[in-house]
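Some notes on the structure that comes next.
What follows is the structure, given as structure tokens:
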């Protein structure tokens, strides 16, 4: 059996080799811990000095990749509102197609105006009767004559004259040559169109009438009948 004898220098070298190996092993362990801590976001807690040193660098990188001022999208300017013109606001010279104007309507034919015919006078007065009526109006007590009819005589109707100071509410007033004669509204249909005269004879003087509406009269002429 052989025995190896170590010299003092050899033991020193062996110790030095062991210490170097221990240091390297501890460095490897620390590096592995560093990777593990960075993987699980524990780096700020284990090595705050490294995080503090890397902070400015990270912010610098983020600012480097940030948007530039010249590359930013300019703000959209507010455009004025668009006004669509209506059909009323368009001028005749507008480029839009214009509809043909309708021809003006033909003037309506005027209806012929009816010719007004002279209506039959309710009563006409002869000049002799006018003189007698004027004398009555210019007397001390001015009076008006009112003509009416009554159911009397053998024929049915007879004239009835009365003197009044003023006309009644429904009386028909006939004016001729400055004199006035009143006609009762109830008698107007019976005596319309008649002629009033003043008659005098040796026996009597009275107002007489020529009535075109009489169809029959008695022999004495005091009563009459008018046609329908």
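Numbering (our numbering), first residue to last: 5 to 232.
All residues carry an ideal CB built from backbone N, CA and C; glycine is no exception.
These numbers come from a predicted model, not from an experiment.
Endpoints, the beta strand (DSSP E) within which residue 209 is located: 209-214
Residue 223, buried or exposed, once every other Cβ within 10 Å from all chains shown has been counted against 16: Exposed, since its Cβ has fewer than 16 Cβ neighbours within 10 Å.
Residue 193 in three-state terms, based on DSSP: helix
Where the alpha helix (DSSP H) containing residue 135 begins and where it ends: 131-141
Run of the beta strand (DSSP E) containing residue 152, from where it starts to where it stops: 148-156
Range covered by the beta strand (DSSP E) that runs through residue 198: 198-204
contact_flag[the segment 133-151, the segment 160-176] where n(CB pairs < 8 Å) is 3 or more: Enough Cβ pairs lie closer than 8 Å, so yes.
Cβ neighbour criterion (16 or more within 10 Å) applied to residue 200: Under this definition residue 200 is a buried residue.
Burial state of residue 133 (16 or more Cβ within 10 Å): buried
Supposed close pair residue 183, residue 137 - CB separation, criterion 8 Å: Rounded to whole angstroms, the Cβ separation of residue 183 and residue 137 is 4 Å, and the two are in contact under 8 Å.
Local conformation of residue 184 per DSSP, three classes: strand
Where the beta strand (DSSP E) through residue 243 begins and ends: Any question about residue 243 goes unanswered here, given that the chain covers just 5 to 232.
Span of the beta strand (DSSP E), counted from its first residue to its last, around residue 166: 160-168
Endpoints, beta strand (DSSP E) assigned at residue 219: Annotation for residue 219: the continuous beta strand (DSSP E) segment containing it runs 218-221.
Own chain partners of residue 229 with C-beta closer than 6 Å, once the 5 adjacent residues on each side are dropped: Closer than 6 Å at Cβ, skipping near neighbours: 159, 160, 219, 220.
Residue 145 in three-state terms, based on DSSP: coil
For residue 130 and residue 141, the rounded distance between their alpha carbons: 16 Å
Element boundaries [beta strand (DSSP E), containing residue 228]: 228-230
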